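Colleague:
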Amino acid sequence: MLLSLAAVTACGSGTTENGSAGGGGGLFTTIDVNRPGIDPNAPANPYNPKGNSFLGYNAMKLAWIKNHLTDPNQFYPGIAASWEIAPDNSSITIKLHPGNKWSDGKPVTAEDVRLSIGIAYTQGSTAFAITPGAAGAAADVQVVDDTTVKVTQDMTNPSAKFARGVLDTYVAPAHVWGGVLPADFWDKLKLSRGTGGDAEKAREEITALGEKIIAFAPPKDVSAGPFVLERANPGEALLLKNKNFYNAANVAPDQVKFLNYTGNEQIWNYLISGKLDHAGFTAAPADVMNKIKQAPGSNIIKGYSPVAVGLAFNQSRKPYDNVHVRRGLAYLIDREQVVKVASPEGGTPAVTTSGIHQKPAQEWLGAGLAELEPYRYDVARAEEEFKAAGLQKKDGRWTLADGTPWKVTMHAPAGFSDWISAQENIKGQLAENGVDAEVVTVADYPLYLEEIAAGKYDTGFWLIALGPAPYDIYQRLYGASNGWTNVAGEIRHAAPGKGGNWMGGAEEIDVEGVGRINPGELTGRLNAADAEAAKPIMLQLAKAANQDLPVIQLWDYVNTQFTNTGRFTGWPEQDSDLLRLPAGVWIQLGMVKKAQ
1 MLLSLAAVTA CGSGTTENGS AGGGGGLFTT IDVNRPGIDP NAPANPYNPK GNSFLGYNAM
61 KLAWIKNHLT DPNQFYPGIA ASWEIAPDNS SITIKLHPGN KWSDGKPVTA EDVRLSIGIA
121 YTQGSTAFAI TPGAAGAAAD VQVVDDTTVK VTQDMTNPSA KFARGVLDTY VAPAHVWGGV
181 LPADFWDKLK LSRGTGGDAE KAREEITALG EKIIAFAPPK DVSAGPFVLE RANPGEALLL
241 KNKNFYNAAN VAPDQVKFLN YTGNEQIWNY LISGKLDHAG FTAAPADVMN KIKQAPGSNI
301 IKGYSPVAVG LAFNQSRKPY DNVHVRRGLA YLIDREQVVK VASPEGGTPA VTTSGIHQKP
361 AQEWLGAGLA ELEPYRYDVA RAEEEFKAAG LQKKDGRWTL ADGTPWKVTM HAPAGFSDWI
421 SAQENIKGQL AENGVDAEVV TVADYPLYLE EIAAGKYDTG FWLIALGPAP YDIYQRLYGA
481 SNGWTNVAGE IRHAAPGKGG NWMGGAEEID VEGVGRINPG ELTGRLNAAD AEAAKPIMLQ
541 LAKAANQDLP VIQLWDYVNT QFTNTGRFTG WPEQDSDLLR LPAGVWIQLG MVKKAQ
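Last residue of the sequence shown: 596 in full-length UniProt numbering, with the numbers rising by one and none dropped.
1. Buried or exposed: where does L579 fall if 16 or more other Cβ atoms within 10 Å of its Cβ makes it buried?
2. By DSSP, does R164 sit in helix, in strand, or in coil?
3. The alpha helix (DSSP H) spanning A312 covers which residue range?
4. What residue range is occupied by the uninterrupted beta strand (DSSP E) comprising Q255?
5. In chain order, what residues of the same chain have a beta carbon less than 6 Å from the beta carbon of H175, not counting five sequence neighbours either side?
6. Are the Cβ atoms of W555 and P349 separated by less than 7 Å?
7. On the three-state DSSP scale, how would you describe P349?
8. Can you tell which of W571, K456, K101 has its C-alpha closest to the C-alpha of residue 640?
9. Over what stretch of residues does the beta strand (DSSP E) that includes G460 continue unbroken?
10. When you compare the segment 358 to 378 with the segment 415 to 424, are there three or more beta-carbon pairs, one atom per stretch, that lie closer than 8 Å?
11. Which residue marks the beginning of the beta strand (DSSP E) containing R397, and which one marks its end?
12. Looking only at DSSP bridge pairs, what is Q574 linked to?
13. Check whether the segment 322 to 338 and the segment 533 to 543 are in contact - that is, three or more C-beta pairs closer than 8 Å.
14. Do you know whose CA, among P582, K593, M591, A595, lies nearest A63's CA?
15. Would you mind reading off the limits of the beta strand (DSSP E) that contains H411?
16. Can you look up L145 in the DSSP assignment and give me helix, strand or coil?
17. Tell me which residues share the same chain as Y320 and place their Cβ nearer than 8 Å to its Cβ, disregarding the 5 neighbours each side in the sequence.
18. Can you tell me whether T195 is buried or exposed, with buried defined as 16 or more other CB within 10 angstroms of its CB?
19. Please report the straight-line C-alpha distance between G19 and L238, rounded to a whole angstrom.
20. Tell me whether R376 sits in a helix, a strand or coil according to DSSP, three-state version.
21. Can you give me the start and stop residues for the alpha helix (DSSP H) that F185 sits inside?
22. Does DSSP classify K66 as helix, strand or coil?
23. State the Cα-Cα distance for the pair Q475 and S103, rounded to the nearest angstrom.
24. Nearest to K427 by alpha carbon, out of V341, A465, W502?
25. Whose CA, out of L466, L181, T563, E383, lies closest to the CA of I213?
26. Does the contact criterion of 3 or more C-beta pairs under 8 Å hold for the segment 441 to 461 versus the segment 483 to 495?
27. Give every residue of the same chain whose Cβ lies closer than 6 Å to the Cβ of S421, excluding the five residues on either side of it in the sequence, and list them in chain order.
28. What's the gap between the Cα of L477 and the Cα of S223?
29. Just verifying my parser: in three-state terms, what is the DSSP assignment at H493?
30. Which residue marks the beginning of the alpha helix (DSSP H) containing S91, and which one marks its end?
31. Consult DSSP for I587 and reduce its assignment to one of helix, strand or coil.
32. Going by the CB atoms, is the gap between G590 and N250 shorter than 7 Å?
33. My guess is that V351 and N425 are in contact by the Cβ rule of under 8 Å, so how many angstroms apart are they, rounded?
34. Are the segment 121 to 130 and the segment 65 to 74 touching by the rule of at least three beta carbon pairs closer than 8 Å?
35. For the 8 Å Cβ check, are there 3 or more pairs between the segment 395 to 408 and the segment 365 to 372?
36. State the CB to CB distance for the pair L96 and A86, rounded to an integer number of angstroms; the pair is presumed to be in contact (CB under 8 Å).
Have a look at this one:
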């Protein structure tokens, strides 16, 4: 995979262009691992998928989410200097940095935040969803004074990560962006929260504004971040230091250059030649990784990444509707071998299938983690499971119960090199034990997601364990993709093949030692639960996932960051909670220093 889900990004290189912008460290060279290619005609617009707006550099959020194991509501300052979350999570009061200015000299104010929240509503952004009854939705946005904003939560369907949804909001300058919302926007928003035809029309109008926002092209970049866009061409984008940034005195680089790339090989060459000061993780074979490590100044930092990958089953297709088939396959896959081939630097073999990354799993499950079936490689156990499913073995090959041939077809998007390598390895392991298999690549990730959601695949790789919020962790197993949706706090279930339900799992499961549960309803309860209330629910869901195997958890991602100490120092330590944030955030917090 191009990006190890663990990383969000930046990097740098060495000589200063156009002289020094004043006391900094010259040029910092990077890539945006989330987005290959630079479109010189794209606007400096953080909402535009191709926009020349780089997170943490010239695109700013209210705050930056810490990579905490279990708490979704911990942050570093961004546009916001501080915040206060109500004890019952009903509101958050945000204080801006006093005296902070945009790059054109205008002050950063609470009105900028209010406008940006309005824009977020048009994008359907977490806390600012217009769906009636949406979990964790804002009920009111109040400008208290020029540097203070209070946002309240609709407590009819509260979310434990409401503050996260609010603080994870882009902030745009109202004096540049003010025209993108109509004068009656806030009246329309209030109307949209009701019922009936007028409310529905208001929701449609607000949603339609989303395209206008995405297409908006400011005449020039006006940034409240540490840098401002100077120019972009097909080969690179150049950003200059913003002298009006609130912490400009501690921003080491004078300039930042984002280099163009179209594939992994270019990134490898940049790293091998020492051109980059920082890059997020890019999957690479062992020989290439060794060359990267040998580059002068090469420095690799690793930390926790709340993401895992599993081989997911479409249980509406035979024989994957039979749990014994899924278990048999789990016993035939040596996860250590898979990871050694596919992602030796970017993952660790899953200790078992729990639905949770192994690092926070201990926090959530305690002693319960050790009680789960590990599904270690065991050919004899696999045969028992296949026989229990009624499969037959003819001439050394496993067939379906009626004797017809069986082939495990796995899908992966082209360009996801670690996924494809993993599936090829699994294919070989299964073939050695009498199970025919094949790997089918799909043109790109968007198409992959579209087709897997449409139920076109028997099996495919699926990202799970998306922490730190408990609700998010289990949404990937027991959310919309498996039939459950949260509508105004009510959990509804759609039949397999309906409403986006492509996994097709049972609505209720008998779990040994727990009893009969509805995993989607349990997951829904996590949305408003605090950490202590969540733990027993997490244990029940882990036992359900472990016993029922909607996916086989293969590896848990490691957040691997490439840095270079030749030009800059002050990089985060190993296992730092900063590692999932762009290096632009490290720079703006004053961590990164010019090498002496």
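Even for Gly, the Cβ is constructed at its ideal location relative to N, Cα and C. Owing to the predicted nature of the structure, the values given are computational and were not obtained by experimental measurement.
Modeller: The answer reads as follows:
1. In the sequence shown, the residue the question calls residue 579 occupies position 579. L579 should be labelled buried.
2. For this step, residue 164 is matched to residue 164 along the sequence shown. R164: helix per DSSP, three-state reduction.
3. Against the sequence shown, residue 312 aligns to sequence position 312. Per DSSP, A312 belongs to no alpha helix (DSSP H); it is in the beta strand (DSSP E), 298 to 313.
4. Along the sequence shown, read from residue 1 onward, the residue named residue 255 stands at position 255. Unbroken beta strand (DSSP E) run through Q255: 255 to 259.
5. The count along the sequence shown starts at 1 and reaches residue 175 at position 175. Answer for H175: K106, listed in chain order.
6. If you number the sequence shown from 1, residue 555 lands on position 555. If you number the sequence shown from 1, residue 349 lands on position 349. Contact: yes.
7. Looking up residue 349 in the sequence shown gives position 349. In the structure shown, P349 sits in a strand (DSSP, three-state: E or B).
8. The structure shown does not extend to residue 640, since the chain is modelled only from 1 through 596, so no value can be given for it.
9. In the sequence shown, the residue the question calls residue 460 occupies position 460. Unbroken beta strand (DSSP E) run through G460: 459 to 464.
10. no
11. Reading the sequence shown from its first residue, position 397 is the one you call residue 397. Unbroken beta strand (DSSP E) run through R397: 397 to 399.
12. Taking the first residue of the sequence shown as position 1, residue 574 is located at position 574. According to DSSP, Q574 bridges with nothing at all.
13. no
14. What you label residue 63 is simply residue 63 of the sequence shown in a count that begins at 1. That would be P582, whose Cα lies nearest to the Cα of A63.
15. Residue mapping note: residue 411 aligns to position 411 of the sequence shown, counting from 1. Note, H411: beta strand (DSSP E), 407 to 413.
16. Taking the first residue of the sequence shown as 1, we reach residue 145 at position 145. It is worth fixing the name first, because residue 145 is Asp in this sequence and not Leu. It is a strand residue.
17. Locating residue 320 in the sequence shown gives position 320, where the first residue counts as 1. So the qualifying residues of the chain are F313, N314, R326, D458, T459.
18. By one-based count along the sequence shown, residue 195 stands at place 195. By the 10 Å Cβ count, T195 comes out exposed.
19. Against the sequence shown, residue 19 aligns to sequence position 19. Against the sequence shown, residue 238 aligns to sequence position 238. At G19 the pLDDT is 31, less than 50, meaning the model places this residue with poor confidence; the figure from the coordinates comes in the next sentence. One C-alpha to the other measures close to 14 Å.
20. Reading the sequence shown from its first residue, position 376 is the one you call residue 376. It is coil, neither helix nor strand.
21. The residue labelled residue 185 in the question sits at position 185 within the sequence shown. It spans 185 to 192 - the alpha helix (DSSP H) in which F185 sits, taken as one unbroken run.
22. The residue labelled residue 66 in the question sits at position 66 within the sequence shown. Coil.
23. One-based indexing of the sequence shown puts residue 475 at position 475. One-based indexing of the sequence shown puts residue 103 at position 103. Going by the C-alpha atoms only, they are around 40 Å apart.
24. Reading the sequence shown from its first residue, position 427 is the one you call residue 427. That would be V341, whose Cα lies nearest to the Cα of K427.
25. Taking the first residue of the sequence shown as 1, we reach residue 213 at position 213. For I213, the nearest C-alpha among the options comes from L181.
26. no
27. Numbered from 1 along the sequence shown, position 421 holds the residue referred to as residue 421. Closer than 6 Å at Cβ, skipping near neighbours: V341, A342.
28. Residue numbering aside, residue 477 sits at position 477 when the sequence shown is read from its first letter. Residue numbering aside, residue 223 sits at position 223 when the sequence shown is read from its first letter. Cα-Cα distance, rounded: 39 Å.
29. Within the sequence shown, numbered from 1, the residue matching residue 493 stands at position 493. The answer is strand: DSSP assigns H493 an E or B state.
30. In the sequence shown, the residue the question calls residue 91 occupies position 91. Counting along the chain, S91 falls outside any alpha helix (DSSP H), though it belongs to the beta strand (DSSP E) covering 91 to 96.
31. Taking the first residue of the sequence shown as position 1, residue 587 is located at position 587. Helix.
32. Along the sequence shown, read from residue 1 onward, the residue named residue 250 stands at position 250. Along the sequence shown, read from residue 1 onward, the residue named residue 590 stands at position 590. Contact flag set, yes.
33. Taking the sequence shown and counting its residues from 1, one reaches residue 351 at position 351. Taking the sequence shown and counting its residues from 1, one reaches residue 425 at position 425. So it is not a contact: roughly 19 Å between Cβ atoms.
34. no
35. no
36. Counting from 1 along the sequence shown, the entry for residue 96 is found at position 96. Counting from 1 along the sequence shown, the entry for residue 86 is found at position 86. Not quite, the Cβ-Cβ distance comes to about 19 Å (not below 8 Å), so this is no contact.
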